[in-house]
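Colleague: My numbering puts the first residue of the sequence shown at 284, with every later residue one more than the last.
For glycine and all other residues, C-beta sits at the position ideal for the given N, C-alpha and C.
Quick one: the structure is below, questions incoming.
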Amino acid sequence: MAISPYIRRLREAVGSDLLLVPSVAGIIFDHDGRILLVRQADDGVWSTPGGAIEPNEEPADAVVREVWEETGL
């Protein structure tokens, strides 16, 4: 899983302390009502596509970007 430069800088500043980051997730249905899931490369867990909102990014733009990055859709 790629970490954005912004999150990397935050992590370097706070170390292993708790870091709360605003994030988004896309819930995408097909015509049969099935939900699109992605399988995480690091641990194989299935989840909805999503991720952290970048600084000055609108949540709607972030979810579009994250879904595109993770699914190509």
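Return the first residue and the last residue of the alpha helix (DSSP H) that Val-251 is part of.
Modeller: Here the chain covers residues 284 to 356 and nothing more, so residue 251 does not appear.
Colleague: For Ile-286, does the three-state DSSP call read helix, strand or coil?
Modeller: By 1-based counting over the sequence shown, the position of residue 286 is 3. Reduced to three states, the DSSP call for Ile-286 is coil.
Colleague: Rounded to the nearest angstrom, what separates Glu-317 and Ala-308 at their Cα positions?
Modeller: The count along the sequence shown starts at 1 and reaches residue 317 at position 34. The count along the sequence shown starts at 1 and reaches residue 308 at position 25. Correcting the residue identity first, residue 317 is Arg in this sequence and not Glu. Rounded to the nearest angstrom, the two C-alpha atoms are 16 Å apart.
Colleague: Exposed or buried, Glu-349, counting other C-beta atoms within 10 Å across all chains shown (16 or more means buried)?
Modeller: Counting from 1 along the sequence shown, the entry for residue 349 is found at position 66. Per the 10 Å Cβ criterion, buried.
Colleague: When you compare the CB positions of Ser-306 and Gly-327, do they come within less than 8 Å of one another, or not?
Modeller: The count along the sequence shown starts at 1 and reaches residue 306 at position 23. The count along the sequence shown starts at 1 and reaches residue 327 at position 44. Not closer than 8 Å, so no.
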